[in-house]
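Peer 1: Structure incoming, see below.
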DNA sequence: CTAGGGTTAG
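Numbering (the UniProt record's numbering), first residue to last: 1 to 760.
See the structure below:
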């Protein structure tokens, strides 16, 4: 009797234990159920039983709880291949590639050997980490270990080799396959397409047909996506067409890829057709399709259509929002982009790196520099990690307001995150450092780059050009060619502008001629503008004017502006009038043109003409320009400097200056004429008269307190390296409590000055 | 249990 009771109790206990583990067999178990099962198995003393442990591990793996899984795995006295397989496959599936490899090494340490069921995941991890060496080792192991590699392993090998840019190896794997299948063939074909090898991609597709392998939906989609990613947009569209004519019904994947290509082709007609087709197929709720539709319309300049497509979607998704922000930004609708961003942020949408990066890019591309910096700070505060794309979006904002400290911080950040060698990051860093007056730091970035593309070389040439270091610019230009990189029109623009700054007429001319002669690069507007400036500044105004007349296309405001500036330097009234009159037609609302002409008149003592220009400005509706009154001051100051101080009109001028000063005070511009005049006298007279507009700008910048002008002045100061004036400039801000309302901006100015101070 | 295809930021 007692024995029966005992037996019953034992049985009862046992069934309870089994019952407590019931979740193990339910693949849909929640995480807490999995943990419960684990706890129960520990209590029951069953946790180290191989089959129980394997079950729990698989539950953890499905919930991506790799830390918990590891603890359990390592607690097993003798983990088996199934436990490892479960975890390795799961961690690879969820792209936890480093973890995958770690587990794999652990597995080998337990003297467990990999088989066909585990190799694909490990090889996929190699692909994800671009670990070609390890991938090849695994391939070698597979071939020598006596395993008959199956098509799963082979297709993962093809994929891995393509990811690692080893296309010949990928091809070899495919060629040696006993039974080539559709998965491997498609992987290879789309790999070639992704790398831009159109012929090989088509060839593999053809071979598949010969081998009797019917391409499926994934094969077609791989081709479309591949061609889109390698920039063969037209090819992507034509594959989409042949897919259709082959009677294949496309899906959301095909449509989103082809729409991306259509957007880059800016072919709105095809775009509308695909849009209609997608609607007919009922793909309106496919997030990627809607995103690429929004993007496509944005690239085609149809901002309204973009909004319509977006609004039609019932459930807004982050990706779609991102596409909308980019689309609005592309069409110059900065405020709407910001509004969208804020709206969905306020609604609690989980914004990701792309959202933040798009918004930062939008701000820095449209002159909202401090906003870009602020967004960068905020994104980190809310825990979104910037990536290697965020940095090059942010850096132009740092460069534009000389926020060297922020730029340096972004540089350090890139180091920490391991993308300081990225070509995009480096080019932007070179640009930022050059802009902040740190040409040496720019050069250091450039020197330590492991790989360079055209943009990097151009950034460095541009940096030297900006600093007037023509010898160095030419040196880089030559290095670039000996490294096998062909220059483009941007390289020549920088070279020509450097020559123009240094007055190297002959060198500049020879580059201009060899550009079209030797390099077969057609001269663009900016090249002509540089040449006009080069000739004009050197006093060859007639030659410059002939060049303008001989241009193969209609000169734009930049070209005429270069001529007018040269005329101002040379005090050439006649040609100056010609250029100015063209400019008044082309850009009647640009006050700079009027200022330049009146400067020429002032330097020649033609005061009636100066007044006429002033009237023209009034007629052009430029009266309300905040800097307007200062033009008067500017001209008189110029006159003071140009003429001798016993000028008969001197008393009148001073009187007028004082009167203007009063007017400005009334208007709230806080001018200080005495300060200005003193400052001007301290400057080297000939520098100002020889057209060093930068220094002049400094002086006039002190007068004009509008933030816009102040920004320009700061930029010029940095480029001149005139620390002395910079500090004076900034202290005058502080002294006169200018811009105190805009404290952010103010601090960035200070930052700019610090960078000047450190350098000079 | 394991392999091939998607959009949005430079």
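Ideal placement from N, C-alpha and C gives every residue a C-beta, glycine not left out.
Residues in its own chain within less than 7 angstroms of residue 184 by CB, not counting five upstream and five downstream?
Peer 2: The residues are 151, 154, 155, 158, 174, 177.
Peer 1: When you compare each of 586, 544, 555, 136 to residue 570 by their alpha carbons, which one comes out closest?
Peer 2: Nearest option by C-alpha distance: 544.
Peer 1: Jot down the residue ranges of each uninterrupted alpha helix (DSSP H) in the region 383-430, minimum 4 residues, whole runs only, in chain order.
Peer 2: Fully enclosed alpha helix (DSSP H) runs of 4 or longer: 390-400, 404-417.
Peer 1: Of all the options 95, 61, 50, 60, which has the alpha carbon lying nearest to the alpha carbon of residue 77?
Peer 2: Among 95, 61, 50, 60, the Cα nearest to that of residue 77 is on 50.
Peer 1: Suppose only complete runs of 4+ residues qualify. What are the alpha helix (DSSP H) ranges in the region 534-569, listed by chain order?
Peer 2: With a minimum length of 4 residues, the continuous alpha helix (DSSP H) runs that stay inside the region 534-569 are 541-550.
Peer 1: Let me make sure I understand the geometry here. Which of 142, 240, 557 has the alpha-carbon closest to that of residue 254?
Peer 2: Ranking the options by Cα distance to residue 254, first place goes to 240.
Peer 1: Can you give me the C-alpha to C-alpha distance between residue 226 and residue 553, rounded to a whole angstrom?
Peer 2: Distance between the alpha carbons of residue 226 and residue 553 is about 39 angstroms.
Peer 1: Hey, could you find the ends of the alpha helix (DSSP H) residue 477 is sitting in?
Peer 2: Unbroken alpha helix (DSSP H) run through residue 477: 470-482.
Peer 1: Between which two residues does the alpha helix (DSSP H) containing residue 66 stretch?
Peer 2: Note, residue 66: alpha helix (DSSP H), 66-75.
Peer 1: Thinking C-beta only, is residue 458 closer than 7 angstroms to residue 491?
Peer 2: Yes, the Cβ-Cβ distance between residue 491 and residue 458 is below 7 angstroms.
Peer 1: I need the DSSP call for residue 48, collapsed to helix, strand or coil.
Peer 2: Of the three classes helix, strand and coil, the one that applies to residue 48 here is coil, per DSSP.
Peer 1: By the three-class DSSP mapping on this structure, what secondary structure does residue 597 have?
Peer 2: Three-state DSSP puts residue 597 in a helix.
Peer 1: Measuring alpha carbon to alpha carbon, tell me which residue in 262, 308, 276 is nearest residue 299.
Peer 2: That would be 262, whose Cα lies nearest to the Cα of residue 299.
Peer 1: Classify residue 279: buried if its beta carbon has 16 or more other beta carbons within 10 angstroms, exposed otherwise.
Peer 2: By the 10 Å Cβ count, residue 279 comes out exposed.
Peer 1: Give the single residue among 576, 522, 216 whose Cα lies nearest to the Cα of residue 249.
Peer 2: When each option's Cα is compared against that of residue 249, the closest is 216.
Peer 1: By Cβ distance, which residues of its chain are closer than 7 angstroms to residue 644, with the 5 residues on each side in sequence left out?
Peer 2: Legend: pLDDT at residue 644 = 45, less than 50; position of this residue unreliable, value from coordinates given subsequently. Around residue 644: no qualifying Cβ.
Peer 1: On the criterion of 16 or more Cβ atoms from any shown chain inside 10 Å, does residue 74 qualify as buried, or is it exposed?
Peer 2: With fewer than 16 other Cβ atoms within 10 Å, it is exposed.
Peer 1: Starting from the N-terminal side, write out each stretch of the alpha helix (DSSP H) that is 4 residues or longer and does not extend beyond the UniProt repeat "PPR" (216-250).
Peer 2: List check, alpha helix (DSSP H) in window: 217-229, 233-245.
Peer 1: Out of 564, 582, 578, 585, state which residue places its alpha-carbon closest to the alpha-carbon of residue 595.
Peer 2: It is 564.
Peer 1: Considering just the uninterrupted stretch of the alpha helix (DSSP H) at residue 276, what are its terminal residues?
Peer 2: Where residue 276 is concerned, the enclosing alpha helix (DSSP H) stretches over 268-280.
Peer 1: Could you spell out where the alpha helix (DSSP H) holding residue 486 opens and where it closes?
Peer 2: That residue, residue 486, is in no alpha helix (DSSP H); it is neither H nor E in DSSP.
Peer 1: Roughly how many whole angstroms lie between the Cα atoms of residue 591 and residue 521?
Peer 2: So the alpha carbons of these two residues sit roughly 34 angstroms apart.
Peer 1: Quick one: what does DSSP say residue 315 is sitting in, helix, strand or coil?
Peer 2: In this structure, residue 315 counts as coil in the three-state DSSP scheme.
Peer 1: Is the separation between the beta-carbon of residue 508 and that of residue 534 shorter than 7 angstroms?
Peer 2: It is a contact, given that the beta carbons lie within the stated cut-off.
Peer 1: Could you compute how far the alpha carbon of residue 584 sits from the alpha carbon of residue 265?
Peer 2: So the alpha carbons of these two residues sit roughly 36 angstroms apart.
Peer 1: Following the continuous alpha helix (DSSP H) through residue 99, name the residue where it begins and the one where it ends.
Peer 2: That run of the alpha helix (DSSP H) goes 97-109.
Peer 1: Give the straight-line distance between the Cα atoms of residue 331 and residue 301, rounded to the nearest whole angstrom.
Peer 2: Residue 331 and residue 301: Cα-Cα distance of roughly 6 angstroms.
Peer 1: Does residue 606 come out as helix, strand or coil in the three-state DSSP assignment?
Peer 2: Correct three-state label for residue 606: coil.
Peer 1: Going by C-alpha distance, which of 214, 260, 212 is nearest residue 235?
Peer 2: Among 214, 260, 212, the Cα nearest to that of residue 235 belongs to 260.
Peer 1: Quick check on DSSP: helix, strand or coil for residue 130?
Peer 2: Looking at residue 130 - three-state DSSP - the assignment turns out to be coil, as it is neither helix nor strand.
Peer 1: With a threshold of 6 angstroms on Cβ separation, who are the neighbours of residue 419 within its own chain once the five nearest residues in sequence on each side are excluded?
Peer 2: Cβ neighbours of residue 419 beyond the five flanking positions: 388, 425.
Peer 1: Mapping DSSP to helix, strand and coil, what is residue 518?
Peer 2: Residue 518 falls in the coil class under three-state DSSP.
Peer 1: Compare the Cα-Cα distances from residue 297 to each of 317, 316, 324 and report the closest residue.
Peer 2: Checking every option, the nearest Cα to that of residue 297 belongs to 324.
Peer 1: How many angstroms separate the CA atom of residue 269 from the CA atom of residue 586?
Peer 2: If you take the alpha carbons of residue 269 and residue 586, they lie about 33 angstroms apart.
Peer 1: The alpha helix (DSSP H) that contains residue 445, what's its start and end?
Peer 2: 439-447 is the span of the alpha helix (DSSP H), which, as asked, contains residue 445.
Peer 1: Secondary structure at residue 176, three-state DSSP: helix, strand or coil?
Peer 2: Looking at residue 176 - three-state DSSP - the assignment turns out to be coil, as it is neither helix nor strand.
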